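Novice:
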Amino acid sequence: MLLAELAEVSRAVAATPARLEKIARLADALGRLAPDERAVGASWLAGDLPGGRVGIGAATLRAALEAAPPERSGPGLTVAEVDAALRRIAAVAGPGSGAARRRELDALLARAGNPERRFLAALVLGELRQGALEGVLADAVAKAAGLPAAEVRRAAMLAGALPPVAEAALSEGAAGLARFRLRVGEPVSPMLAQTAADVDEALRALGGEAALEWKLDGARIQAHRDGEAVRVFSRSLRDVTAAVPEVVALLRAAPEPRLVLDGEAIALRADGTPEPFQVTMRRFGRKLDVERLAPELPLTAFFFDALVAGGAELLARPERERWAALARAIPAERRVPRLVTRDPAEARAFLEDALARGQEGVVAKALDAPYEAGRRGAAWLKVKRAHTLDLVVLAAEWGSGRRRGWLSNLHLGARDPASGGFVMLGKTFKGMTDAMLAWQTDRLKALATGPLDAWQVPVRPELVVEVAFDGIQSSPRYPGGLALRFARVKRYREDKRPEDADTIETVRGLYGG
DNA sequence: TTCCGACAGTGGGGTCGCAAT
DNA sequence: ATTGCGACCCCACTATCGGAA
Numbered sequence: 001m002l003l004a005e006l007a008e009v010s011r012a013v014a015a016t017p018a019r020l021e022k023i024a025r026l027a028d029a030l031g032r033l034a035p036d037e038r039a040v041g042a043s044w045l046a047g048d049l050p051g052g053r054v055g056i057g058a059a060t061l062r063a064a065l066e067a068a069p070p071e072r073s074g075p076g077l078t079v080a081e082v083d084a085a086l087r088r089i090a091a092v093a094g095p096g097s098g099a100a101r102r103r104e105l106d107a108l109l110a111r112a113g114n115p116e117r118r119f120l121a122a123l124v125l126g127e128l129r130q131g132a133l134e135g136v137l138a139d140a141v142a143k144a145a146g147l148p149a150a151e152v153r154r155a156a157m158l159a160g161a162l163p164p165v166a167e168a169a170l171s172e173g174a175a176g177l178a179r180f181r182l183r184v185g186e187p188v189s190p191m192l193a194q195t196a197a198d199v200d201e202a203l204r205a206l207g208g209e210a211a212l213e214w215k216l217d218g219a220r221i222q223a224h225r226d227g228e229a230v231r232v233f234s235r236s237l238r239d240v241t242a243a244v245p246e247v248v249a250l251l252r253a254a255p256e257p258r259l260v261l262d263g264e265a266i267a268l269r270a271d272g273t274p275e276p277f278q279v280t281m282r283r284f285g286r287k288l289d290v291e292r293l294a295p296e297l298p299l300t301a302f303f304f305d306a307l308v309a310g311g312a313e314l315l316a317r318p319e320r321e322r323w324a325a326l327a328r329a330i331p332a333e334r335r336v337p338r339l340v341t342r343d344p345a346e347a348r349a350f351l352e353d354a355l356a357r358g359q360e361g362v363v364a365k366a367l368d369a370p371y372e373a374g375r376r377g378a379a380w381l382k383v384k385r386a387h388t389l390d391l392v393v394l395a396a397e398w399g400s401g402r403r404r405g406w407l408s409n410l411h412l413g414a415r416d417p418a419s420g421g422f423v424m425l426g427k428t429f430k431g432m433t434d435a436m437l438a439w440q441t442d443r444l445k446a447l448a449t450g451p452l453d454a455w456q457v458p459v460r461p462e463l464v465v466e467v468a469f470d471g472i473q474s475s476p477r478y479p480g481g482l483a484l485r486f487a488r489v490k491r492y493r494e495d496k497r498p499e500d501a502d503t504i505e506t507v508r509g510l511y512g513g
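For the first sequence, full-length UniProt numbering assigns the number 1 to the initial residue and increments by one for each residue that follows.
(1) Can the beta-carbon of aspartate 416 be found less than 8 Å from the beta-carbon of aspartate 500?
(2) Just list the residues that DSSP pairs glycine 377 with in beta bridges.
(3) Could you compute how far the alpha carbon of glycine 216 sits from the alpha carbon of leucine 26?
(4) Could you pull the start and end residues of the alpha helix (DSSP H) that valine 9 belongs to?
(5) Leaving out the 5 sequence neighbours to the left and right, which residues in its chain are closer than 8 Å to alanine 254 when beta-carbon positions are compared?
(6) Name the DSSP bridge partner or partners of phenylalanine 302?
(7) What does the alpha-carbon distance come out to for the pair leucine 447 and arginine 231?
(8) If you reduce the DSSP assignment to three classes, tell me which class alanine 487 lands in.
(9) What does a CB cutoff of less than 6 Å around serine 10 pick up in its chain, not counting 5 residues either side in sequence?
(10) With three or more beta-carbon pairs closer than 8 Å as the criterion, would you say the segment 286-304 touches the segment 343-355?
(11) Once DSSP output is grouped into helix, strand and coil, what is the label at threonine 388?
(12) Start and end of the beta strand (DSSP E) containing tryptophan 439?
(13) From what residue to what residue does the alpha helix (DSSP H) around serine 97 run?
(14) Grouping DSSP H, G and I as helix and E and B as strand, with all else coil, what is threonine 78?
(15) For the beta strand (DSSP E) that glutamate 466 lies in, which residues bound it at each end?
(16) Over the uninterrupted beta strand (DSSP E) stretch that includes proline 331, give me the two end residues.
(17) From arginine 497 to aspartate 305, what does the alpha carbon distance come to, in whole angstroms?
(18) Counting only runs of 4+ residues fully inside the segment 201-269, write out the alpha helix (DSSP H) ranges in chain order.
(19) Check whether the Cβ atoms of alanine 386 and phenylalanine 469 sit closer than 8 Å, and answer yes or no.
(20) Tell me, to the nearest whole angstrom, how far the beta carbon of valine 467 is from that of threonine 428; I am working on the premise that it is less than 8 Å.
(21) How is tryptophan 455 classed by DSSP in three states: helix, strand or coil?
(22) Check for me: the alpha helix (DSSP H) holding glycine 176 runs from which residue to which?
(23) Which one or two residues does DSSP pair with methionine 424 in a beta bridge?
(24) Is it the case that the segment 190-209 contacts the segment 284-295, given that we only count it when at least three CB pairs across the two stretches are under 8 Å?
(25) Inspect the beta-carbon positions of valine 79 and glycine 52 and report whether they are closer than 8 Å.
(26) Is the beta carbon of alanine 267 less than 8 Å from the beta carbon of glutamate 275?
(27) Decide yes or no for the touch test of the segment 238-253 against the segment 367-385: beta carbon pairs closer than 8 Å, at least 3 of them.
(28) Am I right that leucine 177 and leucine 123 are in contact with their C-beta atoms under 8 Å? What's the rounded C-beta distance?
(29) What are the start and end residues of the alpha helix (DSSP H) that includes arginine 62?
(30) Tell me where the beta strand (DSSP E) around arginine 338 begins and ends.
(31) Assign leucine 137 to one of three DSSP states: helix, strand, or coil.
Below you can see the structure in the form of structure tokens.
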């Protein structure tokens, strides 16, 4: 198949809001792929590259697109050709690799017309924006193969990816799907949590009784052991074994030879309290000098689930059984602190204690729920605590996609009594309804102190907005050395003037305390 | 007919590795 | 030595479609 055909499918999928029509068009395209194109075609139609990102980002792509000839030349690109080129691009390394990537990219673009260029660019950036990603495509695979969507999804979660499942389903039907099972050493999509406002709401939603566990502010890990072979995966199923020797040692020392465990890796201070997430990432994100850094900045694993333990696969077993199996496989100090209760007061106290010890919050879990790989199900509910500040809008950036034409991303500042000015603490685009976006666009245009056609518009610092956030973190980027984590707008405070806004001193107090 | 689960989109800050400067 | 880019860790929130109730 030609790249141009897939680009046209993607365009048509993006053009219709109806999910069923998207599914029909995607299913039709999947059915037209040649057998050896099915995995890569499915990957692209889900907005992914089969081998992951290739080392080309917005800057490189922009430069290449500007330099590309206005018209396509040569024969149209085939799916196989483009796949091969992208794999070559991903594989280059060492000095001159930037130029080598660029040459390959230039060659691709030269043979691509505008629709193909748009499709390629979106794929490379991971920003397909056609209103269909893996979730919708799973339905399309099911439709194309004539198989139940639930079985396709299940296989994709156990495989940790949809493309191989698409290939198997289209080529071999139900028998192909049946081959996908949990295997020790191969990662599965982790189960995710929904959010609850507080523990009372969480307990109610879970039917009264639940297991409450500390929510640690670290990095998710899925640890596999098969005898001496240990592999550890991140939330996105990247192999991070080399980054976490402590976890490897822990698994090897366990009394059971076959384990698949779900947990969190986090850096702790000497007193056992958690380091900020940034500090954990100094270890978890590292590939070089891990062994040298490990003694001075150790990572500690806390597990909260067992997918394989006690010689059995436990995905379908209830949570309380999986926890019991985990407890037999891993010592208590390597498990997440946990309380099973139906008493709201006890649950609240557990949350308060976790927060007082510097943890992020708690996760409430249904005791009878299975492990729903890849699902953000209602069986796990996270409860955190937000702070709020009244901050001043210093500037705004024009939105993209469905926010085109709206001033969307707000620059937020705290009042600085010392200078009489404002100290920027970060940006946010979250929390606004469409009505708020329209309103703030009007207001900010009237307050603009710079040209409205610029990418970002500075404004007179007069608009006060109540912003919720999870915490203050040290910042190498912002002038006050502090930044908000997960900032989102709660509401505008038209009753407040900028001189009523919170001060940088208040923010420093929050950071220190 | 209304409700709600699942999904996609819209971007945020920080850290590391690495090539280019 | 510094800078900029890209990948990936954490993520909140709203709008929408279409099946469930």
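Just so you know, even glycine gets a beta-carbon here, dropped at the ideal spot from N, CA and C.
Nothing here was measured: the structure is a model prediction, and the numbers come from that model.
Specialist: Working from what's here:
(1) The sequence position of residue 416 within the first sequence is 416, counting from 1. The sequence position of residue 500 within the first sequence is 500, counting from 1. No, these two residues do not count as a Cβ contact at 8 Å.
(2) Working through the first sequence from its first residue, we reach residue 377 at position 377. According to DSSP, glycine 377 bridges with Ala193.
(3) In the first sequence, counting from the first residue as 1, residue 216 sits at position 216. In the first sequence, counting from the first residue as 1, residue 26 sits at position 26. Strictly speaking, residue 216 in this sequence is leucine, with glycine absent from that position. Rounded to whole angstroms, leucine 216 to leucine 26 spans 39 Å at the Cα level.
(4) Within the first sequence, residue 9 is the residue found at index 9, counting from 1. That run of the alpha helix (DSSP H) goes 3-15.
(5) The sequence position of residue 254 within the first sequence is 254, counting from 1. Contacts found: Arg225, Ala329, Ile330.
(6) Residue 302 sits at position 302 when you count from the first residue of the first sequence. DSSP output for phenylalanine 302 lists Glu264 as bridge partner(s).
(7) The sequence position of residue 447 within the first sequence is 447, counting from 1. The sequence position of residue 231 within the first sequence is 231, counting from 1. Spanning the two alpha carbons is a distance of roughly 55 Å.
(8) Looking up residue 487 in the first sequence gives position 487. Alanine 487: coil per DSSP, three-state reduction.
(9) In the first sequence, residue 10 corresponds to position 10, counting from 1. Once the five neighbours on either side are set aside, the close Cβ partners of serine 10 are Phe119, Gln130.
(10) no
(11) As a working note, residue 388 is residue 388 in the first sequence. DSSP places threonine 388 in strand when its eight states are reduced to three.
(12) Translated into the one-based positions of the first sequence, residue 439 becomes position 439. Here tryptophan 439 belongs to no beta strand (DSSP E); instead the alpha helix (DSSP H) covers 434-447.
(13) Here residue 97 corresponds to residue number 97 of the first sequence, with the count starting at 1. Element bounds for serine 97: 97-110.
(14) Residue mapping note: residue 78 aligns to position 78 of the first sequence, counting from 1. Three-state result, threonine 78: strand.
(15) As a first step, residue 466 must be located in the first sequence, where it is residue number 466. Note, glutamate 466: beta strand (DSSP E), 464-469.
(16) Locating residue 331 in the first sequence gives position 331, counting from the first residue. Segment: none, proline 331 is in no beta strand (DSSP E) and carries neither H nor E.
(17) Reading the first sequence from its first residue, position 497 is the one you call residue 497. Reading the first sequence from its first residue, position 305 is the one you call residue 305. Each residue's Cα considered, the two are about 50 Å apart.
(18) 245-252
(19) Translated into positions along the first sequence, residue 386 becomes position 386. Translated into positions along the first sequence, residue 469 becomes position 469. Their beta carbons are under 8 Å apart, which means alanine 386 touches phenylalanine 469 by this criterion.
(20) Here the question's residue 467 lines up with position 467 in the first sequence. Here the question's residue 428 lines up with position 428 in the first sequence. Indeed, because the Cβ distance is near 6 Å, the residues count as touching under 8 Å.
(21) Looking up residue 455 in the first sequence gives position 455. Tryptophan 455 falls in the coil class under three-state DSSP.
(22) What you label residue 176 is simply residue 176 of the first sequence in a count that begins at 1. Looking at the DSSP string, the run of the alpha helix (DSSP H) that includes glycine 176 is 174-178.
(23) Position 424 of the first sequence, counting from 1, holds the residue named residue 424. In the DSSP output, where bridge partners are listed per residue, methionine 424 has Gly413.
(24) no
(25) Locating residue 79 in the first sequence gives position 79, where the first residue counts as 1. Locating residue 52 in the first sequence gives position 52, where the first residue counts as 1. No, these two residues do not count as a Cβ contact at 8 Å.
(26) Sequence index remark: in the first sequence, residue 267 carries index 267 (1-based). Sequence index remark: in the first sequence, residue 275 carries index 275 (1-based). For alanine 267 and glutamate 275, yes; Cβs fall inside 8 Å.
(27) no
(28) If you number the first sequence from 1, residue 177 lands on position 177. If you number the first sequence from 1, residue 123 lands on position 123. Actually they do not touch by this definition, with Cβ atoms about 26 Å apart.
(29) Counting from one through the first sequence, the residue named residue 62 turns up at place 62. Note, arginine 62: alpha helix (DSSP H), 58-67.
(30) In the first sequence, the residue the question calls residue 338 occupies position 338. 338-341 is the extent of the beta strand (DSSP E) around arginine 338.
(31) Residue mapping note: residue 137 aligns to position 137 of the first sequence, counting from 1. Leucine 137 falls in the helix class under three-state DSSP.
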